[in-house]
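Let me begin by presenting the structure, written as C-alpha cells, before commenting on it.
Protein chains: 2
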Amino acid sequence: MNKLIEREKITSKKEKPDPSSLGFGKYFTDYMFVMDYEEEKGWHHPRLTPYAPIMLDPSSSVFHYGQAVFEGLKAYRTEDGRVLLFRPEQNIKRLNRSCQRMSMPPLDEELVLEALTQLVELEKEWVPREKGTSLYIRPFVIATEPSLGVKASKNYTFMIVLSPVGSYYGDQLQPINIYVEDEFVRAVNGGVGNAKTSGNYAASLQAQQKANELGYDQVLWLDAIEKKYAEEVGSMNIFFVINGEVVTPALSGSILSGITRASAIELIRSWGIPVREERISIDDIYAASARGELTEVFGTGTAAVVTPVGELNIHGRTVIVNDREIGEISKKLYQTITDIQLGKVKDPFRWTVEV
Amino acid sequence: MNKLIEREKITSKKEKPDPSSLGFGKYFTDYMFVMDYEEEKGWHHPRLTPYAPIMLDPSSSVFHYGQAVFEGLKAYRTEDGRVLLFRPEQNIKRLNRSCQRMSMPPLDEELVLEALTQLVELEKEWVPREKGTSLYIRPFVIATEPSLGVKASKNYTFMIVLSPVGSYYGDQLQPINIYVEDEFVRAVNGGVGNAKTSGNYAASLQAQQKANELGYDQVLWLDAIEKKYAEEVGSMNIFFVINGEVVTPALSGSILSGITRASAIELIRSWGIPVREERISIDDIYAASARGELTEVFGTGTAAVVTPVGELNIHGRTVIVNDREIGEISKKLYQTITDIQLGKVKDPFRWTVEV
Ligand SMILES: Cc1ncc(COP(=O)(O)O)c(C=O)c1O
Ligand SMILES: Cc1ncc(COP(=O)(O)O)c(C=O)c1O
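Protein chains in written order, with this note's numbering: chain A, 31 to 385; chain B, 31 to 385.
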C-alpha cells in the first residue's frame with residue numbers, strides 16, 4: 031500500500047504557531063493528502079503534497095450545487111510522546127455514508143486510513159503537547175466538474191488537511207448556555223441531516239448568530255416537523271440525565287450519528303447506568319427540570335469532547351441545570367474519554383490506533 | 031460607475047462552440063466578472079477579467095460549510111440583433127435575499143446590474159442566434175475564509191460567468207414525465223428552501239437519480255411535514271390547470287420564489303384567467319385528474335422557460351395529463367414569454383432591459 035501513495039517534498043517548513051494561540055482550524059501543517067476522481071478512471075493519483083491553494087474552474091459544481099462532504103477527527107499526543115487516533119475507521123465509514131447520500135463516489139476505506147495515517151506520521155511534530163490541544167484531521171471531498179447542469183458531478187477531489195487546535199469552546203469543561211431554537215430548523219427526515227455535508231452547516235449559521243446575539247453559546251435544534259423533539263447541537267449530540275438515567279435523541283435520520291455519541295453510550299452503559307435512545311420532547315425536559323429531576327445535560331463531539339450545559343432557554347423560559355456546575359456523569363465521561371484518547375488508561379474497547 | 035470596474039484584456043479569444051452542441055452550462059465565454067469581500071474593506075475591486083481557474087485555500091469555508099448562493103438568468107438575441115435581459119433586477123434582489131438567509135454580506139444591487147450589463151456587453155458576440163438558445167448568466171457568491179471554525183466566513187468572492195446554452199430539456203415544449211417524490215424531501219419551513227443556495231441542489235440529487243432510474247425526467251417535491259402538498263420541481267415552479275382555473279403552490283417559505291413563476295402569474299391574470307396561489311395537496315390533483323378536470327400541468331423556470339408535464343407518478347399511480355399533449359395555456363404562456371424575451375412583441379410590463 032505504502033508505495034501507492036506518491037510523495038512530493040516540501041522545500042521549507044512553516045513555523046509552528048504558539049500553542050496558546052491555536053484556536054480552531056486557523057493553522058495548517060506543511061503537507062496535505064490529495065486524490066482525484068474521474069468517471070472513467072475512478073479514484074486515482076493518491077499523493078502527499080505541500081499544503082497549498084488549489085485551482086478550480088469557476089463553474090466547478092461544488093461552488094454551485096454544493097456536493098461536498100467532510101469528516102473531523104483528532105490525533106492526540108500521549109504523555110510518552112506517542113500519537114493516537116480515536117476510532118478513525120468510524121469516521122471513514124461515515125464519510126462513505128455521507129458520499130452515498132450526496133450521490134458521490136465511495137472511497138476505498140483502507141486507502142483512506144492508510145493516507146490519513148501516513149499524513150499524520152509525516153506531520154507528527156505538528157501534534158501539540160499542551161493540555162486540551164490536538165491535531166485536528168479534516169478529510170473532505172468536493173465536486174469539481176466544470177459544468178452548470180444540476181446533476182451529480184463526474185469529477186471529485188478528496189483531500190485531507192491537518193490543523194493543530196486548542197479546545198473548541200475555549201476553556202475546557204466550562205458549562206455552556208444553549209438556546210432551544212424554535213423558529214429555524216436544521217434538517218428534516220428525508221433530507222440530508224444525517225450526512226456530514228456542507229449545506230447543513232451553512233443552513234445553521236443564521237440561528238447560531240441569533241443565539242449568540244441573545245447571549246447563548248450554541249443552538250439546540252428541534253425536529254422540523256413538530257418543533258418539539260430535541261435533535262442535536264451545532265456540532266455535538268446532546269444527552270440528558272433524568273432521574274439517574276441517561277437519555278439521548280435516537281438516530282432519527284435527521285441528526286448526525288456522532289462517534290463521540292456512540293462511544294459515550296457504550297462507556298456509560300459499561301458503568302451500569304442505563305442509556306435510552308429515543309424521541310425526547312423539549313417540554314418533557316422542561317417538566318423534568320421543574321420536578322428537579324433533570325440533573326445533567328451535556329453535549330458530545332470530536333471538537334467539543336464532552337461539554338456540560340449550564341443553562342437552556344426553552345421557549346423563552348430559562349432552565350438552570352445542576353446550578354451551572356459540572357455533573358458527575360459529564361465529568362467522569364470527559365475524564366474517561368480524554369484518558370483513553372491520550373493513552374493514560376487502558377483502552378478496553380480498542381478505540382485508539384497508534385500512528 | 032463605468033470607471034469603477036477595472037478591465038483586464040484577454041490575449042486570445044476562444045473559438046465559439048457549434049450552436050447545435052451547446053447543451054447547458056458546458057462552455058464559458060472569454061471574460062468573467064469578479065469582486066472580493068473582506069470584513070474590513072467590504073466589497074471591493076470589481077473587475078472584468080479573463081475567464082480562468084481561481085485559487086482557493088483548501089480550508090476555504092465554501093468547501094466545508096457550504097456558504098454559497100447563486101442566480102441564473104439569460105441574455106436573449108432578438109431577430110434584429112439586439113441583446114435583451116429579462117427582469118435582471120429581480121434576480122439581483124433574490125441574490126441578496128439568499129445572501130441574507132445564508133449570513134452572507136449583501137451586494138450593491140446597482141453595481142451588480144452594472145457589472146452584469148458590462149460583462150454581457152463585452153461578450154455580446156457570444157449571445158447565440160439559433161432558436162431556443164441564449165446566453166446563460168450565472169452570478170454567484172462563495173465563502174473563502176481559510177478557517178475550519180463553523181461560523182459565517184469573513185471573506186467572500188462574487189463572480190459572474192457566462193455560458194451560451196441550448197434548451198435545458200433538449201427539444202423544446204416536449205411534455206416531460208414527473209415523479210412525485212414521497213420519500214426524500216428537498217426543504218422544510220424554517221430551513222433554507224427559499225434561498226438559492228448550493229446545498230439545496232446537492233440535497234436533491236439522490237431523488238433526481240431515483241426518478242431517472244424509474245424513467246422520469248424530474249422530481250416533484252412534496253412538503254417535508256405532511257408529504258402531501260406540492261412544492262416545486264428540480265429547477266422549476268409548478269402550475270396546475272383545474273376546471274379552467276390555474277393554481278400554483280403558494281410561497282410557503284420552503285420553495286424558491288421563481289421569477290418566471292411571478293411573470294407567468296401576472297401574464298395569465300392579464301388574460302382574465304384566475305390564478306390561485308395556495309397549498310395544493312397531491313391527492314386533490316389525483317382526484318381532479320380522475321374527474322377529468324386536470325387539463326394542464328406545467329413548470330416554469332429560467333432554464334426551462336415553460337415546460338408542459340405529460341405524466342405524473344403519484345404514489346405509484348400514473349396520471350396522464352391532456353393525453354400528453356401541450357395544453358392551451360402552456361402553449362400561449364410559452365409563446366408570450368419567449369416573444370417578450372426575444373423582443374418580438376411589445377413588452378407591456380417593461381420586463382426586458384436592452385444591453
Ligand atoms: C452536526 C453535528 N452533530 C454532531 C457531531 C458530533 O459527531 P462526532 O462525535 O463524530 O464528532 C458533529 C461533528 O463533529 C456535527 O457536526
Ligand atoms: C429550485 C428552483 N425552483 C424554481 C426555479 C425557477 O426560478 P426562476 O423562474 O427564477 O428561474 C429555480 C431556478 O431556476 C430553481 O432552482
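Positions of the beta carbon are idealized from the N, C-alpha and C atoms, including for glycine.
A quick note: this is a predicted structure, and the numbers were derived from the prediction, not measured.
DSSP state of residue i, grouped into three classes?
i                      : result
residue 188 of chain B : strand
residue 72 of chain A  : strand
residue 54 of chain A  : coil
residue 98 of chain A  : strand
residue 163 of chain B : coil
residue 90 of chain A  : strand
residue 20 of chain A  : Only positions 31 to 385 of chain A appear in this structure, which leaves residue 20 of chain A out of reach.
residue 355 of chain A : coil
residue 146 of chain A : helix
residue 285 of chain B : coil
residue 17 of chain B  : Absent from the model: residue 17 of chain B. The displayed extent of chain B is 31 to 385, so no value can be given.
residue 378 of chain B : coil
residue 47 of chain A  : coil
residue 31 of chain A  : For residue 31 of chain A, the predicted structure reports a pLDDT of 46, less than 50, and the residue's modelled location is therefore unreliable. The matter cannot be settled from this model.
The beta strand (DSSP E) spanning residue i covers which residue range?
i                      : result
residue 343 of chain A : 335–344
residue 61 of chain A  : 61–68
residue 18 of chain A  : The structure shown does not extend to residue 18 of chain A, since chain A spans only 31 to 385, so no value can be given for it.
residue 329 of chain A : 324–331
residue 26 of chain B  : With chain B covering 31 to 385 only, the question about residue 26 of chain B has no answer from this structure.
residue 348 of chain B : 347–350
residue 316 of chain A : Residue 316 of chain A -> not in any beta strand (DSSP E); alpha helix (DSSP H) instead, spanning 312–320.
residue 278 of chain B : 275–279
residue 305 of chain B : 305–308
Over what stretch of residues does the alpha helix (DSSP H) that includes residue i continue unbroken?
i                      : result
residue 118 of chain A : 118–131
residue 219 of chain A : It is not in any alpha helix (DSSP H) - residue 219 of chain A carries neither H nor E in the DSSP assignment.
residue 242 of chain B : 235–243
residue 294 of chain B : 289–300
Under the criterion of a Cβ to heavy atom distance below 7 Å, does residue i qualify as lining ligand 3?
i                      : result
residue 154 of chain B : Inclusion of ligand 3 in the displayed structure is not the case, the ligand content consisting of ligand 1 and ligand 2 alone.
Quick one: what's residue i bridged to in DSSP?
i                      : result
residue 211 of chain A : A:251
residue 85 of chain A  : B:85
residue 36 of chain A  : A:77
residue 227 of chain B : B:99
residue 170 of chain B : B:100 and B:189
residue 141 of chain B : Answer is none; residue 141 of chain B lacks a bridge partner.
residue 272 of chain A : A:275 and A:324
residue 176 of chain B : B:90
residue 195 of chain A : A:164
residue 367 of chain B : Paired residue(s): none; residue 367 of chain B is not in a bridge.
Checklist entry - Does the region 57–74 of chain A come close enough to the region 138–151 of chain A that 3 or more CB-CB pairs lie under 8 Å? => result yes
Item to check | Beta carbon nearer than 6 Å to a non-hydrogen atom of ligand 2 | outcome: B:102, B:262, B:265, B:266, B:267, B:286, B:288, B:289, B:290, B:291, B:330, B:331, B:332 and B:333
Item to check | At least 3 beta-carbon pairs within less than 8 Å: the region 79–93 of chain A vs the region 82–92 of chain B | outcome: yes
Checklist entry - Would you say the region 64–74 of chain B touches the region 210–230 of chain B, given that touching needs at least three Cβ pairs under 8 Å? => result no
Checklist entry - So, do the region 126–134 of chain B and the region 262–274 of chain A have three or more beta carbon pairs nearer to each other than 8 Å? => result no
Next on the checklist: Pairs of beta-carbons, one from the region 94–106 of chain B and one from the region 161–176 of chain B, closer than 8 Å: are there three or more?
Outcome noted: yes
Checklist entry - Touch check for the region 171–184 of chain B and the region 307–318 of chain B: three-plus C-beta pairs under 8 Å? => result no
Checklist entry - With contact counted as at least three CB pairs below 8 Å, one residue from each stretch, are the region 244–252 of chain B and the region 288–308 of chain B in contact? => result no
Checklist entry - Would you say the region 118–127 of chain A touches the region 214–231 of chain B, given that touching needs at least three Cβ pairs under 8 Å? => result no
Next on the checklist: Across the region 332–347 of chain B and the region 359–366 of chain B, are there enough close Cβ pairs to call them in contact, namely three or more that are closer than 8 Å?
Outcome noted: yes
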